[in-house]
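Trainee: Residue numbers (the working numbering), protein chains in the order written: chain B, -15 to 257; chain P, -15 to 257; chain U, -15 to 257; chain E, -15 to 257; chain S, -15 to 257; chain G, -15 to 257. Every residue gets a Cβ at the ideal spot worked out from N, C-alpha and C, and that includes glycine.
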């Protein structure tokens, strides 16, 4: 069960409203790297967490923090939309800055939401919950969370570098710091689960004897007329410590597939039957 | 530029067609953990790769391999659909197995595709390209790829354990092995990029002095009436080696937000203006 | 069965084409508050209407009117796109107004539709039919329709206040008037179905004795460190006339959920099994 | 800011797991009438609430309660999936009940989530956030909420009547009761905002003198060869108290629209230019 | 403007309700080959039709007919859902046919629509309006319409062959006949627009002198280790009469692309800058 | 299986980067007329091709070429984004051109992809794989391909006419030429399949004796108060050579549908039962 106190986790101040920046901030709310995504991802991972209950607590706890981040960003969007030109057209017709500002916003923030935040990205595309990765495998979930916080911090840094508003920079410095923690936190959890040699290959419950081990650590080259790229992945012990990397020129092992004729009453052309 | 030889990377044999398994295999084609996703993700990451060109080659190479995996799985779906009951209803009306098989398939595989594979998941939902994570940050991309191959191998293992068909088990043993390699390969690439202490926090180009460092390694507890979960994330040096973990009871630092009144002609109720 | 006469329900005149306004008008076609939505919603509600047939007729009739509104708006979009700058770039390179206009349009109106309307919203997102609420419960359908016409009229008013074109203002005055009627019409239908005390709680066919009536009229407060908001909802008889409002501090009645271990071959980590 | 105690608002007990019912329950999580929708809708309405702050508190409070409903339902889905047949196919091949159960589930609950809940509906379609109606008009928002709770209670009643499990019936009796309260609560809020004669037509800030009032209370009949349906909407004072209903045979007032020729270099056929 | 008489274009009779067939019929309503799609496609093509107005009339006329087809199919879905097992679970628990029927339906038809049709496909996926192809080029539109009616008739034939219900077969015989007409009608329109040699390559307004004509009629072979497929496309005059087909081994004409380094403050890793 | 050489099929040169044109080019990557669509469409058609194997080869070959077109366009997008204004806001605040450029881009190209291409359209909407038409009927597939290449060439021509950059014009001249070939190629394949009189009506395997042939070649007029549009479709032999066109005034042959009452416990209102 959840509770709220209606206050913001960290102050949100906008000194000079900037509707274009409001649009950019929408990416941090409803973008695939945004806060709705991490909030819901941690929440549903918690819902499906089996095994040691501390991971469930960890996930639920951070999901709860993230709701507050959506709250902060939604406040920031609304405050940045103050002063945006949406009044009578006459006022902006000959003003290129105003025109470009109006043209550069997600019009839905005006037309659908009355100058407020929406669960959409910076191009007005609504967030879709298929981005909630919750696999039932706790280690796979941790990799998804590291990835989410990595792209999340990249986004926050880009937003931070787009604005000169002191209030917005301050808020983003806080959110960037939280992303630093969350990257570390999920890496720490993965370490608890065994790290590269203990948790990988994920799922570690699958007996590797049942996979085609001759292909488990081979880099297949599909490049014509060129050398395959070499690096840590092409030679030496594998990162999971269970094999040796090698490079192989990929050759087809199977044949050209041929499907049987279509069924007589299956809607194909007569020639296909 | 791309080339094809029309042959399969690995043999695809179905001994006893199973339409329910065809439906399950669709998840590996058009699911968010599926092969279209990794193929397109590596492809678009290659398209945006800046810096050392070997990462571009690495990504493009593996994207090219993955097209062949879609090809294998699409063949497997079509072969598993052979023999499915879609003829005249009379033939299946009193046959509960046939009824349940028909009911248990994605009908679009019959109705839209004429007993062939589609770019949809196991519930018939089309793949949507927003799942292609390509951030322009090469390390963030690697974390996304490790996550994709982790959930991908989890899926392949689940499929492997759902079937007893020798041909299908053989094919999946190959795909599971490739996922093992790809998990290792992207971890290896991340290691080349500096690993936990060199690449993190991602992006490592952002000066940490500009984030609120007092919050960068604190676990904020949002749990009421309970102890926060402890582990590697709550004490000791951070995984990125740049801080010290601590646990903090989260308290609001901001105030209750109050938005200004609505604009007179902005479509709000009169009471809001 | 349907018929058309090819004429517009109300004149559509654009005195001075305005491509930015064309973009805004798209929200009234393909936005979630738009005309495709109400048209299809009333149509599918009619298709599932059971009971007194006059509601089916009412719904089908208004669905039929709404097709004509899409027709009007699509005409308005095409006329507003006349004169938009999409020719050779040279002509607009140094013209900030033209640049901002081009940048501020949904490019798909040019690139995909050749300067015509599309079934997309003001940010170019296609309408998706999941917004067609048709529940099979005639009273629930009426509440959905009141809501649709309320947000629809809010949108029309916002559009009306964005333009100074006399033709567009005239057309919107007509559409706003029709939304007034439709709000009233669906409220009238809800009144015929019994109004607050007869139709609610919806569905009124469910015996309230079978719900946990001790919680049926309680406002649960989830706010920490603050007073719950008071109003008509916190004290006195309930609006449906079947209970008495009260305020309760919400406390968990259930326990922490614990899921059983994962299955041995279910793709989880070994630690979860 | 938000907090959680990890406990359920109301006990969730499943006596006899039922995978088909798990699928049905998914509609209450990720369906358009489900709990994610109301939770996010109230949350974003709060974020955009302007005017009397008690509406913001009211919305935020109930959003907070709804997170706990997602938690209850996600727990119920996972518990109902226990015992579902997803092991080796041999075990179910000749068992029509098992086959039909497997066929009748959303396979993603197995394949993607490892026997856990997902933010998808009962057919496996992910929830999409465009269903979050938050208009910036507080009265329009209330109508959207009444509609959401009406379809929500209809759904809960249907689920209640689909199951005989005592634990599930008990949980649903609680949720149905909460929907009763929430229908009443939003009707109460609408009453505070003036009710039919004070709040309508929404938005009440738009001067009705600026709409085409001759069409504001007319039922336009589009039915050929038949009588228009009569009722409270066809005669007498309008529900908003500002007009008189009448019935009018709809006639086109506009002309056939003719678009100008296509532009020479706009990608049309030569005949269209 | 549009009118309706509430009657069906052709009788819809269901002798023996079949909920599985109801699910299949949903594809013809909300599938990408379905009637909503053709209806809306012709409608929006009409809205953007420039040039000879008879094409606009033709499109609007057939759009109007198609609304009636949705009406017929929605009626057929509702009638087929009569008798479906959705009551108390006890009644079906030990009945494999009933279980498989319940499992084999789109549950949303029960849970969301109360045993009625929805604008979704046979797997419950809502129709999305991006499938409305209306290009502003009248000839391109005709090719899209021929394609739509071709897949539409394929679907109708598949449905016809899935059922033995005389009423349903009769209805589908009518719809198949209409698809025959509509295929012919759009081919006829394309003939009026010049046919293969007059209308193609589409758009015919683009001066072919401005394309790289050395590649305009060459079949590029991308097949390794095999002969390119030969046929009408590999030799002889092109179908549009403006060139000669040839076969060419595809070779890269461009170089390996190299992007410049990332920007210093653009969120990339330090190594990429 | 697939191979790549990392080189571009045709040179991609951008002389003067233009971020607005980058946005427009996104339509050719991730728009419904774009290259991902044709690539995947031909690929999945190949996967489901039954009958003469040369059609499978033809489809797979051209799918392989199209991957290279995505590669070219993704390179073009990244090169056009060079120089786009996304740095500190101060630098662009008083520069209307820079403001309009920033406002006119898909912000996701900056925020999510770090100045690279994405699988989205020109308004930032991700491509969704339901646009992959692969019907299992080889002739229907060819019509879908002719349509795809027709809208594709229309788009390429519009892009060609939007830019003055010599490099971009050169690249588009190549792509326009390839679209010319592909239109011709699929028409040629349709000719091999019998052309209008042999392949149509599609599917040609359905016995026309089983359709309601009295309606197979009739133009039904649904226009009130007007003459039906006449043309090649209204009189003379049908294009498929199997009937004679005629014009008929459409009259309802069916009755008003009446659904039975709702079920007692099905969530309807009491009045509907």
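Quick check on residue 237 of chain U: buried or exposed, where buried means 16 or more other Cβ atoms within 10 Å of its Cβ?
Mentor: Per the 10 Å Cβ criterion, exposed.
Trainee: Counting only beta-carbon atoms, is residue 34 of chain U nearer than 9 Å to chain E?
Mentor: By this cut-off, residue 34 of chain U is not an interface position.
Trainee: Closer than 8 Å, Cβ to any Cβ of chain P: which residues of the region 84 to 95 of chain E, in chain order?
Mentor: For the region 84 to 95 of chain E, which is checked against every Cβ of chain P, the residues closer than 8 Å are 84, 86, 87, 88, 90, 91, 92, 94 and 95.
Trainee: Out of U/0, U/114, U/244 and U/113, which one is the CA nearest neighbour of residue 60 of chain U?
Mentor: Of the candidates U/0, U/114, U/244 and U/113, the one whose C-alpha sits nearest the C-alpha of residue 60 of chain U is U/0.
Trainee: Going by the CB atoms, is the gap between residue 164 of chain G and residue 195 of chain S shorter than 9 Å?
Mentor: Yes, Cβ-Cβ distance for residue 195 of chain S and residue 164 of chain G is below 9 Å.
Trainee: Along the chain, which unbroken stretches of the alpha helix (DSSP H) at least 4 residues long are found entirely within the region 177 to 244 of chain E?
Mentor: Runs of the alpha helix (DSSP H) inside the region 177 to 244 of chain E: 179 to 183.
Trainee: In whole angstroms, what separates the C-alpha of residue 229 of chain G from that of residue 175 of chain S?
Mentor: Taking the straight line joining both Cα atoms gives about 14 Å.
Trainee: Measuring straight from C-alpha to C-alpha, what distance separates residue 74 of chain S and residue 143 of chain E?
Mentor: With a pLDDT of 47 at residue 74 of chain S, under the threshold of 50, the modelled position of that residue is not reliable, and no figure is offered here.
Trainee: State the start and end residues of the unbroken alpha helix (DSSP H) segment that holds residue 144 of chain P.
Mentor: Element bounds for residue 144 of chain P: 122 to 146.
Trainee: Take residue 14 of chain E and list the residues in its own chain whose beta-carbon comes closer than 8 Å to its own, dropping the five residues that flank it on each side.
Mentor: Taken in chain order, the residues that qualify are 20, 102, 103, 104, 105, 109, 110 and 111.
Trainee: Between residue 139 of chain G and chain U, is the shortest Cβ-Cβ distance under 9 Å, so that the two count as touching?
Mentor: So yes, residue 139 of chain G belongs to the interface.
Trainee: Rounded to the nearest angstrom, what separates residue 258 of chain S and residue 98 of chain G at their Cα positions?
Mentor: No answer is possible for residue 258 of chain S: the residues shown for chain S start at -15 and end at 257.
Trainee: Please compile the residues from chain P whose C-beta is within a distance smaller than 8 Å of the C-beta of residue -11 of chain E.
Mentor: Neighbours of residue -11 of chain E on chain P, chain order: 207, 208, 209 and 210.
Trainee: In the DSSP assignment, find the beta strand (DSSP E) that holds residue -13 of chain G and state where it starts and stops.
Mentor: Counting along the chain, the beta strand (DSSP E) containing residue -13 of chain G begins and ends at -14 to -12.
Trainee: Do you know how far the Cα of residue 6 of chain G is from the Cα of residue 147 of chain G?
Mentor: Cα to Cα, the separation comes out at about 11 Å.
Trainee: Is the distance from the Cβ of residue 217 of chain E to the Cβ of residue 42 of chain U below 9 Å?
Mentor: Yes.
Trainee: With distance defined between alpha-carbon atoms, name the residue in G/233, G/153, G/129 and G/34 nearest to residue 169 of chain G.
Mentor: Comparing Cα positions, the closest option is G/129.
Trainee: Does residue 11 of chain S come within less than 9 Å of chain U when only Cβ atoms are used?
Mentor: Closer than 9 Å: no.
Trainee: Counting only beta-carbon atoms, is residue 180 of chain B nearer than 9 Å to chain U?
Mentor: No, because no Cβ of chain U sits closer than 9 Å to the Cβ of residue 180 of chain B.
Trainee: Specify the secondary structure class of residue 2 of chain E as computed by DSSP and reduced to three states.
Mentor: Here residue 2 of chain E sits in coil by DSSP.
Trainee: Count the CB pairs spanning the region 112 to 126 of chain B and the region 17 to 32 of chain B that are closer than 8 Å, and state whether there are at least three.
Mentor: Touching, yes, given that three or more Cβ pairs across the two stretches are closer than 8 Å.
Trainee: Could you check if residue 245 of chain U is buried or exposed, using at least 16 other CB atoms within 10 Å of its CB as the buried criterion?
Mentor: Residue 245 of chain U comes out exposed.
Trainee: Return no unless some Cβ of chain E is closer than 9 Å to the Cβ of residue 108 of chain P.
Mentor: True, the Cβ-Cβ gap to chain E drops below 9 Å.
Trainee: Can you have a look at residue 219 of chain E and say buried or exposed, based on whether 16 or more other CB atoms are within 10 angstroms of its CB?
Mentor: So residue 219 of chain E ends up on the exposed side.
Trainee: Which complete alpha helix (DSSP H) runs does the region 20 to 107 of chain U hold, if anything under 4 residues is left out?
Mentor: Whole alpha helix (DSSP H) segments, 4+ residues: 37 to 65, 80 to 88 and 91 to 95.
Trainee: Where residue 65 of chain B and residue 89 of chain B are concerned, what is the direct C-alpha to C-alpha distance, given to the nearest angstrom?
Mentor: Computed Cα separation, rounded: 9 Å.
Trainee: Under 9 Å Cβ-Cβ, which residues of chain S neighbour residue 215 of chain B?
Mentor: What residue 215 of chain B touches in chain S: nothing, since even the nearest Cβ is about 13 Å away.
Trainee: Does residue 239 of chain G pass the burial test, meaning 16 or more other C-beta atoms within 10 Å, or should it be called exposed?
Mentor: Exposed, because fewer than 16 other Cβ atoms sit within 10 Å of the Cβ of residue 239 of chain G.
Trainee: For a quick check, are the C-beta atoms of residue 206 of chain P and residue 184 of chain E less than 9 Å apart?
Mentor: Result no, Cβ atoms of residue 206 of chain P and residue 184 of chain E do not sit closer than 9 Å.
Trainee: If we ignore side chains and look at the alpha-carbon of each, how far apart do residue 10 of chain B and residue 211 of chain B end up?
Mentor: Rounded to whole angstroms, residue 10 of chain B to residue 211 of chain B spans 43 Å at the Cα level.
Trainee: Can you pull the chain U residues whose beta carbon is under 7 Å from the beta carbon of residue 257 of chain G, in chain order?
Mentor: Within 7 Å Cβ-Cβ: 189.
Trainee: Is the Cβ of residue 136 of chain P closer than 9 Å to any Cβ of chain U?
Mentor: No, its Cβ sits nowhere closer than 9 Å to a Cβ of chain U.
Trainee: So residue 38 of chain S contacts chain G; which residues on that side make the cut at Cβ distance below 7 Å?
Mentor: What residue 38 of chain S touches in chain G: 213 and 215.
Trainee: Report the neighbours of residue 242 of chain E on chain S: residues whose CB is nearer than 7 Å to its CB, in chain order.
Mentor: By Cβ distance, chain S contributes 37.
Trainee: What does a CB cutoff of less than 6 Å around residue 126 of chain U pick up in its chain, not counting 5 residues either side in sequence?
Mentor: These residues qualify, in order along the chain: 170, 173 and 174.
Trainee: Leaving out five residues on either side along the sequence, give the residues of the same chain with a beta carbon under 6 Å from the beta carbon of residue 72 of chain P.
Mentor: Confidence at residue 72 of chain P is low in this model, with a pLDDT of 46, below 50, so the placement of that residue should be treated as unreliable; the coordinate-derived value is given next. Contacts found: none.
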